[in-house]
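Here is the structure we will look at, set down as structure tokens.
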């Protein structure tokens, strides 16, 4: 590994070795005022600069050649200039105020800006659309730094998930146009409810660490901020179709009016996706639509967005027992029915079914030359259930009386049940963006309310007694309100120094009431108050080198399952606290850019699985006092030639619990209380945090031999992961290295805008690997045993696509 990085650093040096000229100039508005913080960069290179307090910029060490130089500034029209560089060159830009308010103001308040010390990655529409062939958002973004993805069905369609720096999605804040997406109670995000959402995304920013203040749930390790369709001034239509292995297909149609009467736009999309999945019976039937309409004024913007997704998937979330991985990697235990004769069959509707509708209304207005107001209203309606066939279930557990027939008492039955979630989520967000000379400030916040109804129905029973159709056996509610306020400040303290400050206050109230699915009573009320400060700075050593430092505090409240499953004999789980320290260095030349981020994430009271159980035997998450994640992210981009680009990243990390105590159930005690103890306890000292590989790498090498043709090699390496917190080699995922080959060809005939062909050969080396797992350990007869489930991913498979733009 050392030799690899020596070669990489040498490549960076060689890529910039011939640089010798300097490009300088200014960026001003049409009244002659300097635009401080304007972005000036050279297209198709890694070179750029930010204007100083006098509007001045300098880009040094440029080789001779012809370049397109681009200058941009929020609220102003972007300018492009072609120059031929034979020596030092001076270039002046005059930017005019845009005649229409730009949509980027909607997300500016919750994003990391150019001068922010927050570690972040911006992914453009072109990058996303080039990868969008029916797979879910996590798979499309898996080559971004420190990200590890997984797919229940094994081929990236259906239930998918990711972790960043080992942090799971329940701790990652996700917003769409600044509107919270995480479920308020579980803190999760289910991409399966948003099929082909990527087709409506204009860009996404991924912040690693605590990140900047945002709306919604806690940013406790990363933040993901999506912006959907932005203004397209010209009418357009796009039809996309893909087909691939496992009978995977997607059809998508999108269209837009362009600018109508210089004021209005309408954009639409409709998508259908199907896949049989790699895992047995793990099919997905998905559909979605997206509609937006906007009014653009000289100083105002009004926009309405409605999008919806509906999914019907066969359950694949149980995994494959480890002993079957070598012989039957696609085995799926979901829906299994074993007859009295010992024959095995499967229930054909062991499925998950959900629909989620999103409504967003935005209004932005310039209040003078320095202040922009943003306000948004939102409403999300979700409803659905998962259905299960269950054998030999106690009637009493479903509040069904025993059935007496012919003198016999029947106390159990086979049945089909549905567990429902029906919920409403609504609220508003607001911000004031202020920018004048050296100072940029954002004052914002929001209020959200969640009202969830959880209930279960028995829709069929072999012995139903006097129960009615759709017999309901439990119902409970969760009501949660969350409001926050924040103030962010960027101050240009000099030509080289930018100071950053961010202070947020969050207030959460969570009430849970009713009867749970095990018929236990629920009556809980919790209030949390958090103050989350952040302080940082950037220092421009030269126009090619920058240092950044950040210290940030994040707090996260327990989610619903942490509270509901808690043992009543023990203290209620408390909130988690994270102090995040980040130090970053960036160096760029015309042909290369290198970033190095050092981080130390210090946790207090992190909630983890220890093996402890509650009073009815269900696993619970426990606050542990001391744990941490520390590491280095290396990010490199190289243009060794005009037709070749190489982007790669590498994360080296150490993720530890300082003093870990493990608990394992003793089944012998359950059968006879004389066989103590109830659980076996082991003090293991320092152990590794689960699902936190110490080495993660991603690479994309793209080669364009002729105009319109692009060949890319995409590679992902993930090191060893433990599936629990014991650091035992018996409970781990092995390292894997997966390679995909992509061919893209674009032609532009006279009768339409573009025809695009896209072929992806995934895992072409046929790596056999698993990306996720679970394990349950127990003792019986004095010997340790386990139940487990692993999630294998597909071997070599393909998907091909055709896109027509008109």
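In our numbering, the protein residues as written are 22 to 827. Ideal Cβ placement from N, Cα and C applies to all residues, glycine included.
Residue 707 and residue 205 have their C-alpha atoms some 33 Å from each other. Under the DSSP assignment, residue 148 falls in the alpha helix (DSSP H) whose first and last residues are 146-152.
Per the coordinates, the alpha-carbon of residue 217 lies some 34 Å from the alpha-carbon of residue 69. With contacts defined by Cβ atoms closer than 8 Å, residue 456 and residue 386 do not form a contacting pair. Assigned with DSSP and collapsed to three states, residue 690 falls in helix. Residues 356, 358, 410 of the same chain have their beta carbon placed closer than 7 Å to that of residue 368, with the five preceding and five following residues left out of the count. The C-beta distance from residue 90 to residue 104 rounds to 6 Å, short enough to meet the 8 Å contact threshold.
Counted as a single uninterrupted DSSP element, the beta strand (DSSP E) harbouring residue 650 occupies residues 640-662. At the C-beta level, residue 370 and residue 300 stay beyond 8 Å of one another.
Look at residue 611 here: in three-state DSSP terms it is coil, with no helix or strand label. Taking the CA atoms as reference points, residue 375 sits about 40 Å from residue 801. In this structure, residue 96 sits near residue 118, with a CB-CB distance shorter than 8 Å.
Burial state of residue 236 is buried, judged by a 10 Å Cβ sphere holding 16 or more other Cβ atoms. Per DSSP, residue 710 is not a residue of any alpha helix (DSSP H), being assigned neither H nor E.
Residue 176 and residue 263 have their C-alpha atoms some 14 Å from each other.
Residue environment: residue 742 is assigned as buried (16 or more neighbouring CB atoms within 10 Å of its CB, all protein chains considered). Boundaries of the beta strand (DSSP E) around residue 287: 285-296.
Take the alpha-carbon of residue 415 and the one of residue 163: they are about 44 Å apart.
Residue 725 and residue 643 have their C-alpha atoms roughly 52 Å apart. Contact fails between the segment 748-762 and the segment 313-327, because fewer than three Cβ pairs, one in each stretch, are under 8 Å apart.
No Cβ-Cβ contact shorter than 8 Å links residue 165 with residue 182. Listed as beta-bridge partners of residue 465 by DSSP are 452, 507.
The beta-carbon distance between residue 504 and residue 528, rounded to whole angstroms, is 5 Å. This is short enough to meet the 8 Å contact definition. Of the candidates 647, 606, 714, 780, the residue whose Cα lies closest to the Cα of residue 138 is 606.
The segment 590-599 makes no contact with the segment 612-619: fewer than 3 CB pairs, one atom from each, lie closer than 8 Å. At least 8 Å separates the beta-carbon of residue 678 from that of residue 628.
The count of Cβ pairs closer than 8 Å, one atom from the segment 443-457 and one from the segment 396-410, reaches three, so the stretches are in contact. Within the segment 137-212, the complete beta strand (DSSP E) segments of 3 residues or longer fall at 141-145, 168-172, 181-185, 193-197, listed in chain order. Annotation for residue 98: 116, 117, 119 place their beta carbon closer than 7 Å to its own, counting only its chain and skipping 5 residues before and after. Closest in C-alpha terms to residue 67, from the list 794, 661, 690, 398, comes 661. Within the DSSP bridge table, the entry for residue 677 names 649, 709 as partners. Cβ-Cβ distances below 6 Å link residue 509 to 463, 523 in the same chain, with the five nearest sequence neighbours on each side left out; the list follows chain order.
With 16 or more other Cβ atoms inside 10 Å of its own Cβ, residue 475 counts as buried. Residue environment: residue 54 is assigned as exposed (fewer than 16 neighbouring CB atoms within 10 Å of its CB, all protein chains considered).
Here residue 530 is near residue 502, since their CB atoms are less than 8 Å apart.
The C-beta of residue 487 has fewer than 16 other C-beta atoms within 10 Å across all chains shown, which makes the residue exposed.
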